[in-house]
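This report refers to the structure that appears directly beneath it.
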Amino acid sequence: MTKDSIRTLHWQSLSLTAPNRVLIEASAGTGKTWTIAALYLRLLLEGTDPPTVEKILVATFTEAAARELRERLRVRLADAERELQRTLGGAVHGVDESDSVLKWLADEFTGESETKQALRRVQLARMDFDRAPIGTIHALCQRFLQDFPLDSGIAAAQANLDEDALLRECVEDFWRRRYLADAAADSAESELFGGGPEKLLYDVRTLLAQDARILAADGMEELARGVESLRAGKCATRLRELAGNRELYAPRKSLLSKRLLRMADALESGGDADLYDTLAEMPDAETIDEQQRADAPLRLRDDALIQRLQHLQPLARRRKSFVRGRVLVAASEFCREEIPRRAEQRQGQTYSLLIRNVHSRVCEARGAFAQTLFAAYPLALVDEFQDTDKQQFEIFDAIYRDARRAPRGWLAMIGDPK
Amino acid sequence: MTGFFVHRDSRTEALADKLFDALDSERPAHVLTAQTLVVAHPGLGRWLLGEFARRGSRGIAANFDLIQPWQWLERAAERVLGGESDAGFRQENLRWHIHALLPTLDDARVQGLIDADDGERRRFQLADRLAGVYAQYLIYRPDWIEDWEKGRPKDWQGSLWRRLRQRVPGPHRAQRHAQIVELLAARGDGASEPLHVFGVSHLPADILAALHAVSAHRAVHLYFPDPCREYWADLKSKRELLRKGEIDEEWHFEIGHPLLVSLGRMAQDFFIALEGAGIELDAGADVARTQSPHLLARLQHGIRVGESKLVQEIPATPADASLRVHSCVTRLRELEALKDALLRFLADDASLQARDIVVMAPDIAAYAPYLPAVFGEAAHYSADPAQIPWHLADVRLAQTHPLLRAFAKLLDLGDSRFALSEVLDLLDVPALARRFGLDGEDRDRLESTLRRAGVAWGLDAAMKAAAGGAEVENNSWTFGFDRIFAGAIAGADTDGQLLDDVLPLPGIDASAALVLGHAHRLLDALRELRDGFAQPRRLRDWCVWLGEWVDVLFRADADDAAEGRALDALRRALAELGTQSTAAGAQKLSWSVAREAVRGQLDAVSERQPFLLGGVTFCGLVPQRSIPFRVVCLIGMNEGEFPRDGVDTGLNRMLEQPRRGDRDTRREDRQLFLEALMAVRQHLHISYIGRDVHEDRRIDPAAPLAELLQFLDESYAFHGDDKRPWLIEHPQQPFDARYYDASDVRLFSFNGRFAKDAGARAEPVAFIDLAGSAQPARDETRIWTLDGLTRFWRDPLQAQLHEFAGIDRGALDDDAALDNEPLKSNFDRRERMETRCVLDALRRGAATLPESVPDELARSGALAGGAIGAQAWADLRERAQPALVELRRTLGEEARQAPRNVEIEIDGSRIAGTVRDVYARANGKSALVGLRMNRAADFGDLLPFYIRYAALRLSDTAIEPIFLEQAESGSVREPALLAAIRIQDAAQLRDGLQILLALARQSQQAPLPFPAKTAWAWCAAKPDARLDKARKAWRDDDGERGESRYAPGNNALFLRGADFPNGDGAASRAFARTCAQVAAVLDPQRTILLRETEPAP
C-alpha cells in the first residue's frame, strides 16, 4: 500500500463493496471493539444481498478477547433488534443519540419495508449466531483444517500437544546429544553446564516464539584465529621483554607490566579459559598511556603486538555471548527440525505447527485451499492486527487475494499502532 | 386387523400404558413364545421392561425380543430376499474396501493426502470418514447412489463409489430397498400379530416405507413421543421464515410456540414424513388445561398445546424449584451445585428415589474424572443420607475401566520414552500388576529402589538414541536393573567396588530382589511388545496378536466383577475388529493403521454398556431415548459444546444440500434438549459454565438454553440485569458464606465441613495439625534408633512431614524433573555430594580426590555423563580437596576408620545404632568426624553430630569430637560451637540427649515447630535482634531463598500463609519455646555451656 492510498474514513463511510481492504488503527481504549461491532452490523444489514453470520470471519488473538468480542457482537445485535422494533412500533423520537450506531440505524432505516427487512436480517443473525466463525486465529485455523480435510490434508482431528513440553524435550535432547555422550565438548561451552538446559530452553523459546534467526556471529572465529596466531608467534618472549623494560613505565605504576607478564604466562602455559580471561582484562589505550612514563622511548599503544591484544580484548569480553549464541543457533535449528517430526510421530500438533500447517496449505502456489476458504468466508475482520505474525498475516492475505494476486473479498484489519 | 396406527403423546409413560394394554391383550398362546418389540434405542427398551415388570399383573416382563428398527428391517429383508446380505456395505467393512481403493482414485487432492508423510494413517482415517458418509448416503440419498452407478455426475465421490461396487459383492441397502418394499407389500414379513414400534421420533425413509408396506398384512403401531399434541406440521420456524424472507406483509403471523418450532425440528420433520406417507395421525391425547403453580409444568403444557402464554399466568418465584438454571464457574462446581440440589430434592420428598434421577451432559466423559470426587465411589450404597448412589453410562469403552485406559496407553508404546513415572503408572492398574506378581505396596518400594538405582528414562543406550537423546546407557532401565542385580549378587558388603563394570546397588535383600525381578519381567514384556509393533500384519493377525498380549499383560481378579467385565469387553472389541478382516483382505497393515482401528474400537460407546442400573444415572445426551424421569438434570450446557458440531463437514455432501428428514447432529441436539424438557416430571435442573473462572466475566450458555432463557425473559418481561428467579449464579467457592446464611433460598449447601468457617474466614492456622488430622494412629511406643533420632534433627520439619503425613520432599518439589537424568554440572544438593566424596576418600585413606571422575561415581547415575560430568567433577574436586586435606591434617594421616556400635539408655528407652565415622587415631584415641561443606554449620548439622557424639561418649569416655565447616569462601575451620560440645561432661551430654529425645517424642503428639536454619538464626542472635534475624532466615530475603522455600512442604504445610515468625502468634511462641529448649543443649550464643537453662523468652 503506498502512502497516497491511505485515507482516513469514518466507520460509516467505509466502503463495504468488495474488493476492499481496510486497516483500522485504534489505540487501546479508543473503542476498537465498538468499531468492529458497528462494522459487523453494517455488513449484515446494508445492501441488497448482505452476508449471513456464517460468512463473516472474525479473528482475534486470545481466548478471552474472542469471548469478549463474541459477547459484544451479540449485545450489538440485540440492541439493534430492539431499536428496529421500536422504530417499527411507531416510535418516531427518542433514539439514544449518545449511541451513534443506534442513531445510524434510525437514520439509515426509515421506511417501513426497509426497517422490516433490516429487522429480519438482525433476527436471523441472532438465531444463527452460535455458528458464526468468531474466534482466535488458532481456533479458526483448526476449523479450516477440520472442515476441509481434502484441502488441508488432515483426515482426522489431531491431538493438541503441549507445545512447551515438546520444546523442553527437544532442547533437553539437544543438550544430551551435545554434552552427555562424550567428554570432548568445546571447553568454552562448559560454563553453560552449571544450570543445565534451563537457560538454553528459555533462549530457544524466546527465539522460536519470535520466529527470529540469529545471524552468524563470526567474532568467535576471529578471536580463535587471533589467539592461535598469538600462540604461534612467540609473542610471550616479546611481552616479557616489554614488561621487563622499566624505562617504559611511570614510577609506581605496575598494573600494565603485571598484566603483560600474566598475558605471557597465559600464552605459554595457561588453558584457553585462562588466556581468554586475561585477554579480556587487557587495559585500554588510555590506561596504557597513564601507565607509561611521559618520555618513554616507545609508545606502547602503537606497538603492533599490543595493538593486536587491544583488538582482541573486546572480542574476548564478548566471548560468553558468542558461545551462548553459537549453542543457541545449533539448538534452535535442532528444535525447528525435531518438533514437527516428533509432533507428526505422535499424531498431534502444537499451536505453532497448526499455524504453520495452515500457512503452507493456504499459501501454496495454486491457491486452491485459499479459494475454498474464500468461498466459505468472503468477509473478514481481524482484530489485534498488530499481534499477528508474518505467517498469520500471510494466511489472511492469501485468502483475500485472487490468482493474479489482486485483492478480493472484504478484509478489515484492526490494530493498535502502539 | 391391519393398518398403520400412530400414537402420539408427549409423555412416554402414557405411550407405554397404551403399549402395555395392547401387548397384554395379544399375549401369545404359549408362554415361551417371544413377543417381538421394536424400540428406538436399547436404553429405552430397558426402561420399558422395567415399566412392564412394575405394572404387569404377572410382576415380570418375560420373553420380549427387543430389537431396533434397523434390525427389524434386516430381518424382514432376510425373510423376503433370502440369505443375501449387505454386510459389505456396512460402515465398519466399507472403510476397509475404501482404504484398499483410495490409491487407485484419480484425484489430486486425495492423492496428495495419502502420499504425505504418515499417509498410511491418513489414508485409513479418510477411508473411515468416507465410509460413514457413504453409509448415510445409502439411507438418505439413494437417488445419488443410483445416479453414480449410472455414471453421472463425474466427481471423485461418484467414481470411488463405482469402484466400490466392483469390489464389494452383493446388493446394498439402497438397491434392495425397492425390492424389499415391493415384497413386503405383496407378502408381508411372515408374521400376523401386530407390530409395535416404540419411542421413535425419527425413522429413515426406507424403514418407514417398509413398515408402511408391511402394515397391509399386520397392524403396525408406532408410538411417537411427540412434544406437541396439536397438528403442527405447518408451523414454520421463525428462522426459516426469516431466511426465506417470507415474513413481510403479514407481520403478526402464527409461528406457534417459539421453543417448539426452534427446538423440535426433527420431530416436526417426522410428523411431516408420516403425513407425507399417507399415514393417518391420531388427534393426540386430550389433556386438561394445567392448573399447576409450577413454572415447569406450565412450560411443558404450553409446548404440548402450542400455546406460549401459559407460563406468564403465574408469578415466577425463587421458591419454585421445578425449573432452575445454575450458572457455575467450572465443571467441578457444576457437580457440587448438582449434588446439593439433588440432596435437597431427596430430603424434601421421601418418595423420591435416586433411580428417579437422570443427569445428562453433551460430553459426560468430561465430568467422569470429577464424579468420584463429588459423589464418591460409583454404585456404592450406604445408609448415609449424604451419599447418593450413582452410575455412569455412555462413556467410551476405554474410559470405563482403568485397565482399558492402560491398554489404550500401551498402544502408543512405540512412541514412549519409557519414563520411570510412566512405567510405574502402569502398576497402578491392579490387573496388570497382578499379572506380574506385584501389588500396590510393591509399587512404592519399587519406585524408591529404581530411583536409587538412577533409572530415569529409556530402555537402553540404543533406544535413547533412537528417541532423540544421546546414546548413553546411564540412567536407562537396563542400567538400573544391572545395578540392582549386581547389588543382589554382591549382597550387603558392596563397598563401592565395581562388579563387572557395574556399580552394585546396596540394600537389595532377597525379598526386594524378588519384587525387582517381577518388575524386570514387566519391562521385558513391554520391550517385546514395543518391538512387535514394527512388523506389518494383516488385520486378523493384529487382532490375534493383541489378544495374546492381553493375556500376557493382564490377569483379572476372580472376585472383581468389574475387572472381569472390562477384560471381556476388551477381548470382545478385538474379536469384533477381527470380523472385519474379510473386508480388510490380505493386505498387511502397518501398526499406525491398525492402531487407528483398534483405537476406534476402544473409543466407541458400547451398546452393551449397562444403563439404568439403579441410583442416579449419569449419561450422555443420546437420541431416541426419551425416558421420563422425576428429576432431569442437564449439565454442561455451554456455548461451543452444545449443540455438538457434526464431524463430517467437508466430506458429507448432504450438509451442502440438506433435505427434510436428514439427521444432523445440531438439529438432533436441539431435539434432545426439547425431549429432556418434556421428560421431566418434577424438577428440571440445568447448569452451565456461566462465568469465567479467571476473569469475572459472563459467558453465554448454549444456544438452546439461551433460547429457553430468552423465552422466559420475554414471558416475564425481564431485561438486562434483572434478577431472574429461575437463574442461580453460584459463588466461585463451595465455602462461600452465601451458602450458609440463608440470604437466598436457592443457595444452600449440604456440606457441613464449611459451615463452621463460612463467613468468618479466620486467619490461616499456622502449622498443620498433624496430630488432629486423620492420620493412622501413632505408635506411642515407637523405638527410636540412633539413626532415626539424627535423621529427625537434621531437618525436623521434613522428618515430621514424612513420618506423619507421608509427604516427601520430592513429591512436592516442582523443580525436580523426576524423569530426567542429571543434566547439569551443579548438583541439586551440592554439599551432600561433596561431603560424601570427602568422607569416602577419608575412609579409604586417600590423600587426594582423583583427577578424573571416579568409576563408582560415574556409574552411579548420580553424575551427568560426558563433558558435563567431567566439569561437575572438576568443580567438586576443586572445592572438596581443601576440606579433605584439612580433615586429614586434624585427624592425623595414620587414622583409620573404626565404626562403633553404641547402645545407651535414656529415660528408660534404649537407643542403639552404628556410628560410621569414628576413627582410631595414631595416639590410640578415637575421634568422631563431622563435616559441613559450603556454608557454616547450623543446628541441622550440629545436633545430629551432637547426638552421635553424646551416644559414643556415654559408652566410651575417650572419644574426641572433630567437626569442620567449609564456608562459602572455601576456607575450612572448626565451628565455634564445637568447643561447647567438647566441654560437656557425661551428665550434661545425658541431659542434652534426654531433651532432644523428649522433643522428638513430643512431635508425635503435636507438631514441633523447629525449622533448623531459622532456629539457628534465632538462637545465634542477641535477644532484641532475634525476631528480625529469624524472619530473614525463614522468608526470602535479598534474593536469598528463605528456609520456608527450601523444601516446598515447609511453606505449604507448616507456614500456611501465616505471618511467621511474628513474636506473639501461637506458632511463633511455640517456636521460641522449642528454641529455648534446644539452646539448653547447644546454644550458639554461648560456646561454654551453663548447667542451668535460661528461662524461656
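Protein sequences appear in the order of chains A and B.
For the first sequence, position 267 matches number 1402 in my numbering, and the numbering has no gaps at all.
For the second sequence, position 96 matches number 101 in my numbering, and the numbering has no gaps at all.
Note that beta-carbon positions come from the ideal geometry of N, C-alpha and C, so glycine has one too.
Exercise. Please name the residues in the region 1321–1335 of chain A whose beta-carbon is closer than 7 Å to at least one beta-carbon of chain B, in chain order.
Key: S1325, F1328, G1329, G1330, G1331, P1332
Quiz item: In whole angstroms, what is the alpha-carbon distance linking F1015/B and C1080/B?
Solution: Locating residue 1015/B in the second sequence gives position 1010, counting from the first residue. Locating residue 1080/B in the second sequence gives position 1075, counting from the first residue. So the two alpha carbons sit approximately 7 Å from each other.
Quiz item: D1282/A touches chain B at which residues, Cβ-Cβ below 7 Å?
Solution: Along the first sequence, read from residue 1 onward, the residue named residue 1282/A stands at position 147. Near D1282/A (Cβ distances below 7 Å), the residues of chain B are T654, G655.
Quiz item: What residue range is occupied by the uninterrupted alpha helix (DSSP H) comprising L936/B?
Solution: Within the second sequence, numbered from 1, the residue matching residue 936/B stands at position 931. Segment 931–937 is the beta strand (DSSP E) holding L936/B; no alpha helix (DSSP H) there.
Quiz item: Name the DSSP beta bridge partners of F229/B, please?
Solution: One-based indexing of the second sequence puts residue 229/B at position 224. The partner list for F229/B (beta bridge, DSSP) reads R13/B.
Quiz prompt | Own chain residues within Cβ distance below 6 Å of S1150/A, not counting five before or after | solution = Here the question's residue 1150/A lines up with position 15 in the first sequence. Within the same chain, S1150/A has no close Cβ partners at all.
Self-check item: Y1411/A burial status per 10 Å Cβ neighbour count (16 or more: buried)
Solution: Here residue 1411/A refers to the residue found at position 276 of the first sequence. With 16 or more other Cβ atoms within 10 Å, it is buried.
Practice problem: Tell me, please, which residues DSSP counts as bridged to G1550/A. | Solution: Within the first sequence, residue 1550/A is the residue found at index 415, counting from 1. G1550/A pairs with E1160/A.
Exercise. Would you kindly report the start and end of the unbroken alpha helix (DSSP H) that includes N1492/A?
Key: On the first sequence, residue 1492/A is found 357 positions in, with the first residue counted as 1. 1486–1497 is the span of the alpha helix (DSSP H), which, as asked, contains N1492/A.
Quiz prompt | Residues of the region 1206–1218 of chain A with Cβ closer than 9 Å to any Cβ of chain B, in chain order | solution = E1206, R1209
Quiz item: Is the CB of L1149/A under 8 Å away from at least one CB in chain B?
Solution: Translated into the one-based positions of the first sequence, residue 1149/A becomes position 14. No - not a single Cβ of chain B is within 8 Å of the one on L1149/A.
Quiz item: Which ranges does the beta strand (DSSP E) cover as unbroken runs of at least 3 residues, wholly within the region 160–239 of chain B, from first to last along the chain?
Solution: 200–203, 224–229
Quiz item: Of all the options L936/B, R882/B, L847/B, which has the alpha carbon lying nearest to the alpha carbon of A925/B?
Solution: Within the second sequence, residue 925/B is the residue found at index 920, counting from 1. The shortest C-alpha separation from A925/B is found at L847/B.
Exercise. State the start and end residues of the unbroken beta strand (DSSP E) segment that holds P1028/B.
Key: In the second sequence, residue 1028/B corresponds to position 1023, counting from 1. Where P1028/B is concerned, there is no enclosing beta strand (DSSP E), given that its DSSP letter is neither H nor E.
Self-check item: Cβ shell of E673/B (< 7 Å), same chain only, five flanking positions each side left out
Solution: Position 668 of the second sequence, counted from the first residue, corresponds to residue 673/B. Taken in chain order, the residues that qualify are M271, P628.
Quiz prompt | Beta-carbon neighbours of V115/B, restricted to chain A and to distances below 7 Å | solution = If you number the second sequence from 1, residue 115/B lands on position 110. Simply L1285.
Quiz item: Looking only at DSSP bridge pairs, what is I308/B linked to?
Solution: Your numbering for residue 308/B matches position 303 in the second sequence. Its beta-bridge partners do not exist; DSSP assigns none.
Practice problem: For the beta strand (DSSP E) containing A1500/A, list its first residue and its last residue. | Solution: For the purposes of this step, residue 1500/A is identified with residue 365 of the first sequence, where counting begins at 1. From DSSP, A1500/A is part of no beta strand (DSSP E); its letter is neither H nor E.
Quiz item: When the cut-off is 8 Å and only beta carbons count, does D1308/A lie next to chain B?
Solution: The residue labelled residue 1308/A in the question sits at position 173 within the first sequence. Interface residue, yes.
Quiz prompt | Under the three-state DSSP convention, the category A1367/A falls into | solution = Position 232 of the first sequence, counted from the first residue, corresponds to residue 1367/A. Of the three classes helix, strand and coil, the one that applies to A1367/A here is helix, per DSSP.
Quiz prompt | Distance between beta carbons of A321/B and P730/B, contact taken as under 8 Å | solution = Indexing the second sequence from 1 puts residue 730/B at position 725. Indexing the second sequence from 1 puts residue 321/B at position 316. That belief holds up - the Cβ atoms of P730/B and A321/B are roughly 5 Å apart, short of 8 Å.
Quiz item: Would the region 354–361 of chain B and the region 620–634 of chain B be scored as touching if the rule is three or more Cβ pairs under 8 Å?
Solution: yes
Self-check item: chain B contact residues for D1317/A, given Cβ-Cβ distances below 8 Å
Solution: Reading the first sequence from its first residue, position 182 is the one you call residue 1317/A. Result: G871, A872.
Quiz item: Thinking C-alpha only, which one of N1380/A, D1184/A, V1210/A is nearest L1237/A?
Solution: The count along the first sequence starts at 1 and reaches residue 1237/A at position 102. Answer by Cα proximity: V1210/A.
Quiz item: Between E254/B and the rest of its own chain, which residues show a CB-CB distance below 6 Å, the 5 nearest in sequence each way excluded?
Solution: Translated into the one-based positions of the second sequence, residue 254/B becomes position 249. In this prediction, E254/B has a pLDDT of 40, which is less than 50 and means its spatial position is unreliable; what the coordinates show is noted afterwards. Hits under 6 Å: none found.
Practice problem: Identify which residue in A39/B, N825/B, F759/B has its Cα closest to the Cα of L869/B. | Solution: In the second sequence, counting from the first residue as 1, residue 869/B sits at position 864. The displayed chain sequence assigns Ala, not Leu, to residue 869/B. It is N825/B whose Cα lies nearest to the Cα of A869/B.
Exercise. For F1330/A, count neighbouring Cβ atoms within 10 angstroms of its own Cβ and tell me buried if that reaches 16, exposed if not.
Key: On the first sequence, position 195 is the one that residue 1330/A refers to. For the record, residue 1330/A in the displayed sequence is Gly; it is not Phe. G1330/A should be labelled exposed.
Exercise. Kindly indicate which three-state DSSP category S481/B falls into: helix, strand or coil?
Key: Residue 481/B sits at position 476 when you count from the first residue of the second sequence. It is coil, neither helix nor strand.
Self-check item: Cutoff 6 Å; reference G641/B; Cβ partners in own chain excluding five residues on either side
Solution: In the second sequence, counting from the first residue as 1, residue 641/B sits at position 636. A366, P367, listed in sequence order.
Practice problem: Please check if any C-beta of chain B sits within less than 8 Å of the C-beta of Y1314/A. | Solution: Mapped onto the first sequence, residue 1314/A falls at position 179. Chain B, which has a Cβ nearer than 8 Å to the Cβ of Y1314/A, makes this yes.
Quiz item: Is the Cβ of G1379/A closer than 8 Å to any Cβ of chain B?
Solution: Numbered from 1 along the first sequence, position 244 holds the residue referred to as residue 1379/A. G1379/A does not count as touching chain B.
Practice problem: Taking all protein chains shown into account, decide if K829/B is buried (16 or more other Cβ within 10 angstroms of its Cβ) or exposed. | Solution: Within the second sequence, the letter at position 824 stands for residue 829/B. Buried, by the Cβ-count rule.
Quiz item: Applying a beta-carbon distance threshold of less than 8 Å, which residues of chain A neighbour N825/B?
Solution: Start at 1 with the first residue of the second sequence, and residue 825/B comes out as number 820. Those are E1307, listed as they occur along chain A.
Exercise. Would you tell me roughly how many angstroms separate the C-alpha atoms of A113/B and G381/B, rounded to the nearest one?
Key: Numbered from its first residue, the second sequence carries residue 113/B at position 108. Numbered from its first residue, the second sequence carries residue 381/B at position 376. For A113/B and G381/B, the distance between alpha carbons rounds to 55 Å.
Quiz item: What is the rounded straight-line gap between the Cα of G929/B and the Cα of R905/B?
Solution: Looking up residue 929/B in the second sequence gives position 924. Looking up residue 905/B in the second sequence gives position 900. So the two alpha carbons sit approximately 15 Å from each other.
Quiz item: For the region 1259–1280 of chain A, which residues have a beta carbon sitting closer than 7 Å to at least one beta carbon of chain B?
Solution: L1259, M1262, D1265
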